[in-house]
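Peer 1:
In this note's numbering, the protein residues as written are 263 to 402.
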């Protein structure tokens, strides 16, 4: 059963940083893994805008102001993105009965959009029947 939905659109141009501004901004918003992922691509500002939109969509889906750096946007070997709640934010997964998180990110030269869907276990009436850590259920 779907228990949360969040969508966000970010303007790509807002994420075209020089190294100094990126370092400052990353201390507040992005994880080192997200910066490294963006730098591996030809247009890193598009990747950063997508990661930002994913973080904001996650906050909206949970209906909770989760600190930016406690939301990790990661990628499977195939390139598929997923969300991992980190540190003290990981408790929201079990507290809300989240069984699975889905993440979709898309971007153009102008905008990046992300959608997050939170799913709960129907059998358990919206309550997870066993304790899961954030890495185990993170949007796979």
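Beta carbons: idealized from backbone N, C-alpha and C, even for Gly.
Predicted model only: the values in this text are computed from it and were never measured.
1) Would you say the beta carbon of residue 295 is closer than 7 Å to some non-hydrogen atom of the ligand ZN?
2) For residue 367, does the count of other Cβ atoms within 10 angstroms reach 16, so buried, or fall short, so exposed?
3) Would you check if there are 3 or more beta carbon pairs closer than 8 Å linking the segment 299-309 to the segment 351-363?
4) Under a three-way DSSP split, which group does residue 293 fall into?
5) Report the partner residues of residue 344 according to the DSSP bridge assignment.
6) Report the three-state DSSP secondary structure of residue 325 (helix, strand or coil).
7) Whose C-alpha, out of 376, 384, 381, is nearest the C-alpha of residue 268?
8) Taking just the CA atoms, how far does residue 364 sit from residue 289?
9) One question on the structure: do residue 403 and residue 327 come within less than 8 Å of each other, judged by their Cβ atoms?
Peer 2: Straight from the coordinates:
1) Questions concerning the ligand ZN fall outside what the structure shown contains, since it holds no ligand whatsoever.
2) Residue 367 comes out buried.
3) no
4) coil
5) 336
6) coil
7) 376
8) 26 Å
9) Look at the range of the chain in this structure, 263 to 402, and you will see that residue 403 is not part of it.
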